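Numbering (this note's numbering), first residue to last: 4 to 169.
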Ligand SMILES: [Zn+2]
Ligand SMILES: [Zn+2]
């Protein structure tokens, strides 16, 4: 039981780490797919909370979820049930963190629990939809600060790349 929980946590930790630093933040600087599907003012994000078939949203979701699946493959030998639970929690969290648009509010005890466990609440994730510079860390809040530093570095690299092309 304890081993399963530990493996599920490790999957979410490394999945969120890889997804944030190798897909989400670089996509903010060099890409357009995530910005179009996740941060466009024209979108109401109902499609995240209630799954609808939209190829671009699906692709952004698959690319963001890929690191979790890769970590799942590595951790599978230690605890298959832990991997399955971790992936299920990850998918549940995607739906849950997009419920703000449905007018749902996180109950106080749940909010408190999330603070203790450093888990991103829908309210905090909503900040990321509104301000592309805030609210990084899809599942864990402690990735926010390093993600911001990584974002600044990548922006500097992008500027340098542009200058070197001139
Ligand atoms: Zn979102
Ligand atoms: Zn984003």
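Glycine included, each C-beta is placed from N, C-alpha and C at the ideal position. Just so you know, these numbers come straight off a predicted model, no measurement behind them.
Since residue i and residue j are thought to touch, with beta carbons under 8 Å apart, how far apart are those beta carbons, to the nearest angstrom?
| i | j | result |
| --- | --- | --- |
| residue 102 | residue 127 | The Cβ separation is near 12 Å, so there is no contact. |
| residue 140 | residue 133 | So it is not a contact: roughly 16 Å between Cβ atoms. |
| residue 7 | residue 85 | 4 Å |
| residue 71 | residue 138 | About 19 Å separates the two Cβ atoms, so there is no contact after all. |
| residue 67 | residue 27 | 7 Å |
| residue 154 | residue 77 | In fact, because the Cβ distance is near 27 Å, the residues do not count as touching under 8 Å. |
Go ahead and pull the three-state DSSP assignment for residue i.
| i | result |
| --- | --- |
| residue 143 | strand |
| residue 104 | helix |
| residue 122 | strand |
| residue 3 | In the structure as shown, the chain starts at 4 and stops at 169, and residue 3 therefore has no counterpart that could be examined. |
| residue 167 | helix |
| residue 23 | helix |
| residue 155 | helix |
| residue 95 | helix |
| residue 11 | helix |
So the candidates are the options; which of them puts its Cα closest to the Cα of residue i?
| i | options | result |
| --- | --- | --- |
| residue 29 | 160, 167, 166 and 165 | 160 |
| residue 106 | 25, 125, 77 and 119 | 125 |
| residue 4 | 136, 23 and 81 | 81 |
| residue 89 | 163, 97 and 14 | 14 |
| residue 39 | 135, 113 and 118 | 135 |
| residue 150 | 62, 131 and 166 | 131 |
| residue 121 | 110, 25 and 142 | 142 |
Quick check on residue i: buried or exposed, where buried means 16 or more other Cβ atoms within 10 Å of its Cβ?
| i | result |
| --- | --- |
| residue 11 | buried |
| residue 37 | buried |
| residue 115 | exposed |
| residue 164 | exposed |
| residue 52 | Residue confidence is low: residue 52 scores 49 on pLDDT, short of 50, so the model does not pin down where it sits. Its coordinate-derived value is still stated next. Its Cβ being crowded by 16 or more others within 10 Å, residue 52 is buried. |
| residue 20 | buried |
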